[in-house]
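First the structure, in the form of structure tokens, and then the observations on it.
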Amino acid sequence: MKNPVLLLRMSYWIAAIADFVIAILVWMPERMGVTEIVYPMGLASVVIFSWAVLLLVADRKPMERRWILIPTILVVALIAFTRTAFSLDGNIEFSIALLLFAIALIILLAYSYYYAAKYDTSK
Numbered sequence: 412m413k414n415p416v417l418l419l420r421m422s423y424w425i426a427a428i429a430d431f432v433i434a435i436l437v438w439m440p441e442r443m444g445v446t447e448i449v450y451p452m453g454l455a456s457v458v459i460f461s462w463a464v465l466l467l468v469a470d471r472k473p474m475e476r477r478w479i480l481i482p483t484i485l486v487v488a489l490i491a492f493t494r495t496a497f498s499l500d501g502n503i504e505f506s507i508a509l510l511l512f513a514i515a516l517i518i519l520l521a522y523s524y525y526y527a528a529k530y531d532t533s534k
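Note that the working numbering has the sequence shown beginning at 412, numbered continuously upward.
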């Protein structure tokens, strides 16, 4: 890919859309392994929603704000780890599709950051 800005923007948007979906799904008790909505679900939803907005703000100056991909990789990895741990404990249903999506997203974000940094230093 000759344009790292396009790759960064794609990374920001895919991660933001995933965050918006998770922010909504957090409000569904059966998806979270509980019987009713509890306070931590609301807290998680607002934090996840805020992170999605942060990614969309980064899209306005993609090269200058590419650093946001580093903590985003950490967040995606921790969410995937947490979901997998709770799945293995039997609290929620295991989904190979969600795990593979998280791994693919981490690879995309890491490559986008690496490629943008490499492109920026070569100028």
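For every residue, glycine included, the Cβ atom is placed at its ideal position computed from N, Cα and C.
Anyone know if the C-beta pair for residue i and residue j falls short of 8 Å?
i    : j    : result
V437 : S461 : no
S523 : L419 : yes
R477 : A528 : yes
So the candidates are the options; which of them puts its Cα closest to the Cα of residue i?
i    : options                   : result
D430 : I448, K472 and F512       : F512
I459 : R442, A528, V486 and L509 : V486
G444 : S498, I517 and I435       : S498
L536 : R494, I518 and N502       : With the chain running from 412 to 534 in the structure shown, residue 536 is simply not present.
I517 : E447, M452, P482 and P440 : P482
I514 : A488, E504 and A469       : A488
P451 : A521, A434 and L467       : A434
Starting from residue i, trace the alpha helix (DSSP H) both ways and give me its first and last residue.
i    : result
W424 : P415 to L436
S461 : Y450 to A469
I484 : L480 to L499
E447 : From DSSP, E447 is part of no alpha helix (DSSP H); its letter is neither H nor E.
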